[in-house]
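**Q** The structure that follows is given in the form of structure tokens.
There are 2 protein chains.
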Amino acid sequence: MRDWPTGRLLSTASRLVEHAWLEALTALGLSHAGLIVLHLVDGGPATQVELAGLARVEAQTMSRTIERLEREGFIERHPDAADRRRRVVERTASGAAVFARARSIEAELFPEVDDLPGLRDALLDIIGSSGGGRWADGR
Amino acid sequence: MRDWPTGRLLSTASRLVEHAWLEALTALGLSHAGLIVLHLVDGGPATQVELAGLARVEAQTMSRTIERLEREGFIERHPDAADRRRRVVERTASGAAVFARARSIEAELFPEVDDLPGLRDALLDIIGSSGGGRWADGR
DNA sequence: TTCTAAAGATCAGCCGGCTGACTAATTCGG
DNA sequence: CCGAATTAGTCAGCCGGCTGATCTTTAGAA
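Spelled out as structure tokens, the structure:
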């Protein structure tokens with residue numbers, strides 16, 4: 000496995016970390032993708048396109064993720080009076096509660112690694128350069 | 000995004016790198032998962048359970064991946080005479096050819112990063128510790 | 001020897017990425 | 001002011017992870 004190309008190591012590591020997470024998350028009725036959305040709307044309501052851009056995900060993917068969150072009662076969608084194409088996504092009280100609980104364990108489950116800041120920098124580099132113009136917004 | 004938990008950075012980076020790959024790979028009629036299998040059977044024929052273990056993937060997932068590779072004509076499955084539960088997976092000439100072409104570009108597409116060996120070590124660490132006994136074989 | 005447990009492979013069904021195609025609403029140019 | 005282009009959202013369908021259940025075959029124990 001030491002001979003594997005770096006990209007393959009990256010996706011394998013990612014999958015295994017996500018898997019380790021899954022149990023704790025499903026116990027809360029959440030999923031990985033859902034947690035990201037809860038995090039993003041923590042800063043206030045947003046439209047689906049905005050959320051997709053921030054999560055670096057296509058709008059169709061975000062649409063389904065939000066649909067599942069709504070089904071669980073963690074968020075609500077309200078039509079925007081000013082632009083009736085838009086649906087504004089908002090956290091519910093239940094969503095706020097589950098986010099508070101999930102957030103605390105999010106960092107704890109990540110395995111120990113020698114140079115954590117170095118790893119984070121490398122990942123941010125990769126995201127920046129590999130995003131290839133698809134995600135204009137850097138924030 | 001600098002505030003994101005490391006696990007989320009990891010999966011985001013992984014997805015973006017895979018996406019950058021997809022175009023080159025689909026042009027060859029291949030997929031990420033398929034390429035891994037072609038790499039693994041490069042060392043000789045193997046059973047599906049063996050391949051699943053080496054790729055760190057469940058047997059059901061490997062089953063479908065192999066099915067698609069077979070459909071494309073890149074591998075063949077033969078029943079094992081000694082143990083009729085087993086199906087031995089073998090590369091075809093076409094599979095060998097496409098692997099040779101894909102392999103050469105695999106490393107080239109990975110973005111530049113400062114401390115590549117450090118990154119690889121960190122990822123191997125994560126895979127090792129986060130595999131949590133699921134994948135006994137360390138090789 | 002027979003009968004049960006384990007192993008290899010698959011099926012069904014879920015989630016979360018993606019693309020392509022579509023609708024409804026808004027914006028903008030002539 | 002009206003029609004074309006753009007934008008927000010969704011639907012359909014694919015791939016690749018996963019779990020749980022099932023089937024056939026092999027191995028092992030009584």
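Residue numbers (numbering that gives the first Met the number 0), protein chains in the order written: chain B, 0 to 138; chain W, 0 to 138.
All C-beta atoms in this analysis are idealised placements derived from N, C-alpha and C, irrespective of residue type, glycine included.
Report the start-end ranges of each alpha helix (DSSP H) in the region 10-51 of chain W that is 4 residues or longer and not cut off at the edges.
**A** Those alpha helix (DSSP H) runs which fall completely within the region 10-51 of chain W and span 4+ residues are 31-39.
**Q** Quick one: which residues of the region 101-128 of chain B get their C-beta closer than 8 Å to a C-beta of chain W? List them in chain order.
**A** Those residues of the region 101-128 of chain B that come within reach of chain W (Cβ to Cβ, closer than 8 Å) are E105, A106, L108, F109, P110, E111, V112, D113, D114, L115, G117, L118, R119, D120, A121, L122, L123, D124, I125, I126 and S128.
**Q** Mind checking if W:R83 is an interface residue toward chain B, Cβ cutoff 8 Å exclusive?
**A** Closer than 8 Å: no.
**Q** Let me know the secondary structure DSSP gives W:E89 once reduced to three states.
**A** W:E89 falls in the strand class under three-state DSSP.
**Q** Select from B:E71, B:E22, B:L50 and B:R7 the residue whose C-alpha is nearest the C-alpha of B:S62.
**A** Nearest option by C-alpha distance: B:L50.
**Q** Answer yes if the region 21-37 of chain B comes into contact with the region 20-32 of chain W, meaning at least three C-beta pairs across the two stretches below 8 Å, and no otherwise.
**A** No, they do not touch.
**Q** Pull up the distance between the alpha-carbon of W:R138 and that of W:R55, whole angstroms please.
**A** Because the pLDDT of W:R138 is 48, which lies under 50, any placement of that residue in the model is unreliable, and the number read from its coordinates should be weighed accordingly. Cα to Cα, W:R138 sits roughly 11 Å from W:R55.
**Q** By how many angstroms is the C-alpha of B:E107 removed from the C-alpha of W:R70?
**A** Approximately 43 Å between the Cα atoms of the pair.
**Q** Between the region 39-50 of chain B and the region 1-17 of chain B, can you find at least three pairs of beta-carbon atoms closer than 8 Å?
**A** No: fewer than three Cβ pairs fall under 8 Å.
**Q** Compare the beta carbon distance of W:V88 and W:R76 with 8 Å and say whether it is the shorter of the two.
**A** The answer is yes: Cβ separation under 8 Å.
**Q** Measure the alpha-carbon distance for B:D79 versus B:V48 and round it to whole angstroms.
**A** Cα to Cα, the separation comes out at about 13 Å.
**Q** Kindly list, in the order they appear in chain W, the residues whose Cβ is closer than 7 Å to that of B:G130.
**A** Those are L15, listed as they occur along chain W.
**Q** Can you name the residues that DSSP bridges to B:P78?
**A** B:P78 is bridged to B:R86.
**Q** On the DSSP letters alone, give me the boundaries of the alpha helix (DSSP H) that W:P116 sits inside.
**A** L115 to S129 is the span of the alpha helix (DSSP H), which, as asked, contains W:P116.
**Q** CB-CB under 6 Å to W:L34, same chain, minus the five flanking residues each way: which ones, in chain order?
**A** Excluding sequence neighbours, W:L34 sits near A101.
**Q** So for B:F73, helix, strand or coil by DSSP?
**A** Three-state DSSP puts B:F73 in coil, outside helix and strand.
**Q** Can you tell me the Cα-Cα spacing of W:P110 and W:R83, whole angstroms?
**A** Cα-Cα distance, rounded: 45 Å.
**Q** Among W:S93, W:R133, W:L118 and W:P44, whose alpha-carbon lies nearest the alpha-carbon of B:W3?
**A** Here the closest residue by C-alpha is W:L118.
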